[in-house]
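Peer 1: Chains as they are written, first to last, in the UniProt record's numbering: chain A, 1 to 339; chain B, 1 to 339; chain C, 1 to 339; chain D, 1 to 339.
Backbone N, C-alpha and C define an ideal beta-carbon position, used for all residues, glycine too.
I'd like to ask some things about the structure below.
Written out as structure tokens, the structure is:
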């Protein structure tokens with residue numbers, strides 16, 4: 001961290017800032033130029049991130065150089081982390097697909113969707129049993145009954161399960177049925193929940209918050225990493241902007257950016273990213289090409305009659321076609337790696 | 001709700017939609033014009049908000065006319081709700097001030113801040129004991145010890161307490177010490193928490209989410225309202241936009257808009273709304289003039305040495321001056337009411 | 001400007017950066033600490049704002065300390081600039097009102113609106129003769145005919161005129177009829193137009209761009225200031241965010257912020273800021289309280305039949321009531337100044 | 001267009017709205033249900049887009065069904081428009097690359113860049129002679145001298161030229177040297193300029209505005225289409241959001257969305273879309289996979305010494321590698337088309 005003093009800052013003003021930093025057991029290097037004084041702070045500045053340097057008289061600006069996260073950063077851990085989901089590898093260079101309905105609606109529906117998902121090559125079955133809904137009057141999920149159904153359907157088709165946990169009280173229950181615990185966009189900064197899931201040892205699918213910055217997302221991953229032994233799988237699902245032609249603005253640049261800043265894998269969610277079923281396939285293709293480690297998509301045997309998110313769900317035919325296209329691009333990406 | 005069919009939609013396509021709506025026990029009025037067919041749905045359409053009408057062939061657009069919230073809406077409850085905080089009225093036409101530090105740092109600090117707050121005319125003491133921090137390495141709050149300190153300080157100066165609860169597990173503890181339970185911006189859509197605090201009967205200070213729409217905010221209030229007997233106090237604290245010259249973009253239009261749409265009171269938070277201490281006073285004045293029922297501001301005996309949010313905290317002198325200015329405007333607003 | 005080198009940057013890398021800066025006739029102060037090297041650049045760094053320091057190997061970060069604007073900055077010109085509109089002062093501590101229709105629709109309409117505007121105390125008549133419309137099929141304005149009408153109406157009621165100029169080719173024509181030239185939000189970064197109007201000597205009403213940052217806005221004013229002798233009047237009219245409950249998000253914090261950073265006056269546009277007629281009055285009040293030098297509002301004798309922007313226009317009754325309220329607050333602000 | 005009346009709207013209120021619509025020579029279909037009255041408007045509602053239906057008493061909501069653009073819409077023109085740039089086809093299913101520096105800095109620089117560009121397979125040379133810069137003190141371009149240089153360089157390497165025109169007064173000059181006229185992001189809603197370039201007959205590269213919606217972009221294209229015989233090439237270059245880790249948020253979903261709504265081709269600009277050179281290659285790949293008709297990228301023989309935008313420019317080595325990767329994906333996309 002660098003603290004830049006105003007032109008004409010007095011010695012007393014400078015000393016006050018230096019003293020404050022030294023009280024936090026950090027060393028200060030005072031660079032006295034002809035005009036400007038610049039203070040360089042050495043050591044782990046995570047401890048002094050709360051200091052309001054701007055409130056000190058004589059301070060012009062404080063500039064953070066290092067990040068506030070560490071265990072999540074590639075700097076700290078240069079090699080890719082390959083997440084092991086009970087045998088299934090995520091982040092090892094392959095491209096994995098998670099598919100399923102928005103909500104688990106019943107055993108027949110989730111079994112039929114699992115069959116479709118598997119036929120297209122998906123290895124993880126998604127589906128919500130606890131649904132965070134804007135309105136309290138909307139369908140809130142089948143809860144434990146739904147968890148049983150998705151586990152049964154996944155087992156039948158030899159797939160893994162990813163499902164959302166919204167609440168500390170339900171972690172044990174969800175962990176009993178699910179291989180990956182998903183933290184939804186609305187909970188990206190629910191720090192108590194992050195800390196708690198981080199202690200389960202299960203891989204955590206961490207969705208980006210609706211207005212989450214890249215920096216906040218990496219810090220959210222840090223809460224998980226610091227709390228236990230769980231690995232993180234980032235899920236880019238679009239952010240909220242002024243544009244309303246799509247449900248969210250799908251920030252695909254986040255894929256290469258997160259891969260640059262962190263060692264954890266990242267997958268894309270073109271269903272929430274666009275919110276419109278006929279944009280899902282092109283953005284699934286783009287996700288492969290951007291370098292994602294996989295994707296998570298919403299499919300349904302009968303989207304028009306889905307209990308939620310029908311407008312962004314693919315039916316069997318459109319899903320299978322998408323997977324054919326994705327496979328062509330996965331091969332092309334392998335060719336690129338060997339260039 | 002209105003469903004507009006495409007030009008040339010077939011009878012079969014129309015019937016399919018009509019059938020789906022009728023299955024939800026709602027009546028459909030089919031308006032067959034020369035070109036376009038428009039379906040009007042009668043009854044409580046909250047039940048069919050999940051239907052993906054856009055996925056039906058032949059449907060052009062579905063337009064919601066009624067809201068998805070009800071107990072929070074002014075339509076449902078035309079008179080203002082006056083929230084009673086153990087004798088202190090919020091929403092009765094007066095302007096109340098909540099003031100205090102970002103974090104409770106110790107007994108001396110909170111007592112000294114309470115003295116300042118009271119001297120300026122504040123009736124509620126704010127201060128965080130559980131702090132939601134972007135980084136896990138930042139100061140997280142004094143927890144129960146902090147709650148004891150703020151209660152003691154408030155009692156000494158005959159003030160009420162507002163403090164944040166971040167976690168279902170802590171509701172009882174926080175409710176023991178605090179008169180108002182605050183839901184922070186990051187938790188506006190933590191629906192389990194909203195439902196749980198709604199059962200305490202304590203007034204809930206509901207901050208707007210960092211990217212929360214007005215509609216989502218009203219629906220969040222609905223989760224509280226539908227869950228029990230707690231009243232809601234909306235707190236506008238700025239939203240995230242592209243502008244970085246201020247910490248947030250303080251959406252002051254939300255004050256008259258929420259008062260139009262809901263019967264619950266709304267207060268303004270110019271400290272988080274701007275994030276810069278010398279913008280707080282003008283925006284506090286603007287909050288009065290916009291018609292807020294009160295405000296919540298950050299003050300500190302020594303902002304430069306505050307453990308958090310020092311850059312947006314007022315010291316004793318600037319706070320007292322602000323309160324003098326606010327009082328002049330409160331009187332002007334009374335004059336306006338009697339015009 | 002400060003350039004922070006990476007830990008371990010080589011002498012050669014440092015020298016390359018130093019050389020580049022010195023080639024631009026600026027002095028460099030090399031602060032060599034034990035770990036980090038920080039380069040301080042002295043002199044007018046406006047000349048080197050284009051250098052891509054991040055592209056140099058060994059550079060961690062370049063931090064701008066001074067602004068890229070100068071003539072518009074309060075630092076350069078500490079006293080308020082009072083804009084003289086042919087005798088009418090803007091920025092002298094008074095609160096002035098500009099009122100009128102969105103579009104000039106005919107002589108009768110603008111005369112009737114001028115009468116209303118004057119009755120409420122407005123001193124400047126607004127109205128568009130050239131309308132920037134999203135669709136080419138929407139009404140584009142009466143052009144010169146409209147300019148004649150607004151001039152005639154303003155003269156009849158002893159008012160000044162403000163109207164938009166969209167095009168360099170029309171500057172002379174608009175300047176013939178109008179006292180203030182308005183640059184619309186869509187043209188805030190139309191630099192050729194800014195330079196051209198800056199040469200007229202007429203005061204320029206500079207609307208903030210739909211997604212204009214405070215910094216870009218100040219730089220746009222700089223284009224005007226550097227081009228001639230025209231003064232600038234900033235007009236805050238709301239910015240585009242994710243929120244759709246209002247037409248724009250009215251960033252009222254910009255009022256005190258611009259007053260802090262610049263010496264030019266700033267007025268508020270609560271009509272475009274909210275886009276909803278019944279939010280205009282509370283936000284007009286808030287504009288006074290935030291410290292604006294005035295406001296510009298849309299009024300119409302018959303909003304339902306306005307050719308454009310009817311939904312945000314006040315009729316005579318609501319406008320006169322607003323002005324009564326605004327006047328009470330203007331007096332309160334005077335009282336505050338004398339505290 | 002549909003106008004939905006409030007429950008309990010009176011006959012008089014309904015008749016007033018009907019009368020207003022009929023005055024515009026459109027037919028109204030009154031759908032009188034038991035509770036709600038819905039007015040269906042037949043004919044070309046582009047003429048009544050300015051009516052403020054919300055200002056009429058008794059009106060609940062007006063819903064636009066048709067778009068306000070026509071010549072740009074795929075509905076109006078179902079087949080793809082293939083733009084012919086003096087023999088080079090854009091939009092015919094091939095993927096074309098435009099490459100070059102941000103600014104033309106001199107003849108040697110642009111010739112060297114043209115050589116690089118051609119070596120990688122680009123068919124169009126980009127480079128700015130008129131630069132819209134935030135600060136008036138930044139480099140503004142070599143103007144006509146620059147135009148001569150880029151024409152000469154392009155001719156030498158048998159390439160086409162694309163360059164920006166910022167000003168109506170310069171259209172003829174720019175058109176003399178350039179094959180495609182580019183409208184920059186800041187001018188997307190400079191309607192006079194759009195109308196003027198539309199009359200040149202040259203293809204127009206229309207960048208999306210910094211905060212331009214998809215709908216506004218299509219309407220901007222309509223200004224060009226309605227003005228003459230120029231074709232449009234949409235250029236997605238990222239939009240402004242709260243995220244600052246990238247220069248803009250690259251909205252790649254716009255590629256398939258524009259292709260769905262319009263018949264004109266669309267290309268991607270991953271340089272401005274990300275603003276960071278090492279994110280350009282993955283996003284170029286993603287652009288191919290999303291279905292773009294081409295891309296425009298910034299390259300420079302020596303990015304660290306570029307006069308502008310050096311941080312997002314590729315050097316020869318990184319550019320050639322990118323093109324190899326892009327070519328693999330172009331082939332994969334051909335394979336997908338034949339699936």
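(1) What is the rounded straight-line gap between the Cα of residue 144 of chain B and the Cα of residue 129 of chain B?
(2) Could you pull out every unbroken beta strand (DSSP E) segment of at least 3 residues lying fully inside the stretch 184-231 of chain A, listed in chain order?
(3) Could you tell me whether the stretch 5-13 of chain A touches the stretch 47-63 of chain A, where touching means 3 or more Cβ pairs closer than 8 Å?
(4) Taking the beta strand (DSSP E) that residue 39 of chain C falls in, what are its first and last residues?
(5) Is the beta carbon of residue 245 of chain C less than 9 Å from the beta carbon of residue 193 of chain B?
(6) Find the residues of chain A that neighbour residue 178 of chain B, judging by a C-beta separation of less than 8 Å, and give them in chain order.
(7) Should the stretch 21-31 of chain C be called in touch with the stretch 17-24 of chain A, which here means at least 3 C-beta pairs below 8 Å?
(8) Can you give me the start and stop residues for the alpha helix (DSSP H) that residue 278 of chain B sits inside?
(9) To which residues of the same chain is residue 188 of chain B closer than 6 Å at the C-beta, ignoring the five residues directly before and after it?
(10) Hey, is the stretch 80-91 of chain A in contact with the stretch 170-184 of chain B, meaning 3+ C-beta pairs nearer than 8 Å?
(11) What do you get for residue 247 of chain D, buried or exposed, if any count of 16 or more other CB atoms within 10 angstroms of its CB means buried?
(12) With a threshold of 16 other CB atoms inside 10 Å of the CB of residue 78 of chain A, please say whether the residue is buried or exposed.
(13) Taking C-alpha atoms, which residue in B:233, B:289, B:155, B:223 lies nearest to residue 181 of chain B?
(14) Tell me whether residue 7 of chain D is buried or exposed, calling it buried when 16 or more other Cβ atoms sit within 10 Å of its Cβ.
(15) According to DSSP, is residue 110 of chain C helix, strand or coil?
(16) Anything in chain A within Cβ reach of residue 332 of chain D, meaning under 8 Å, just list it in chain order.
(17) If you measure from the beta carbon of residue 166 of chain B to each beta carbon in chain A, is any gap under 9 Å?
(18) Looking at C-beta atoms only, is the number of pairs between the stretch 306-313 of chain A and the stretch 272-285 of chain D that lie closer than 8 Å three or more?
(19) I need the boundaries of the beta strand (DSSP E) containing residue 296 of chain B, first residue and last residue.
(20) Name, please, each residue of chain F whose Cβ falls closer than 8 Å to the Cβ of residue 243 of chain D.
(21) Please state the DSSP three-state secondary structure of residue 160 of chain D.
(22) Inspect the CB distances between the stretch 152-169 of chain A and the stretch 62-81 of chain A and report whether three or more fall short of 8 Å.
(23) Relative to chain A, which residues along the stretch 282-312 of chain D have a C-beta separation below 7 Å, given in chain order?
(24) Checking contacts by CB at 9 Å: is residue 336 of chain A closer than that to chain D?
(25) Got a sec, what are the start and stop residues for the beta strand (DSSP E) residue 126 of chain D sits in?
(26) Just grab the DSSP bridge partners of residue 89 of chain C for me.
(27) Is the beta carbon of residue 97 of chain A less than 9 Å from the beta carbon of residue 297 of chain A?
(28) Going by DSSP in three states, residue 234 of chain A sits in which element: helix, strand or coil?
(29) Can you give me the Cβ contacts of residue 203 of chain C inside the same chain, cut-off strictly under 7 Å, excluding the 5 residues immediately before and after it?
(30) Going by the DSSP bridge assignment, what does residue 32 of chain A pair with across the sheet?
(31) Using CA coordinates, which residue listed in D:114, D:241, D:94 is at the minimum distance from residue 238 of chain A?
(32) Tell me which same chain residues have a C-beta within less than 6 Å of the C-beta of residue 64 of chain C, skipping the five on either side of it?
(33) Using DSSP with H/G/I as helix, E/B as strand and the rest coil, what is residue 148 of chain B?
(34) Helix, strand or coil for residue 134 of chain A? Go by DSSP, reduced to three states.
(35) Can you pull the chain D residues whose beta carbon is under 7 Å from the beta carbon of residue 279 of chain A, in chain order?
(36) Measuring only the C-alpha atoms, how far is residue 125 of chain C from residue 116 of chain C?
Peer 2: Walking through what the data contain:
(1) 7 Å
(2) 204-207
(3) yes
(4) 37-42
(5) no
(6) Neighbours of residue 178 of chain B on chain A: none; closest Cβ ~18 Å, over 8 Å.
(7) no
(8) 277-290
(9) 209, 212, 220
(10) no
(11) buried
(12) exposed
(13) B:233
(14) exposed
(15) helix
(16) 328, 329, 331, 332
(17) yes
(18) no
(19) 294-298
(20) Protein chains A, B, C and D are contained in the structure displayed, whereas chain F is not.
(21) strand
(22) no
(23) 282, 283, 285, 286, 288, 289, 290, 291
(24) yes
(25) 124-126
(26) C:84
(27) yes
(28) strand
(29) 83, 85, 180, 230, 231, 233
(30) A:37
(31) D:241
(32) 1
(33) helix
(34) coil
(35) 253, 256, 257
(36) 10 Å
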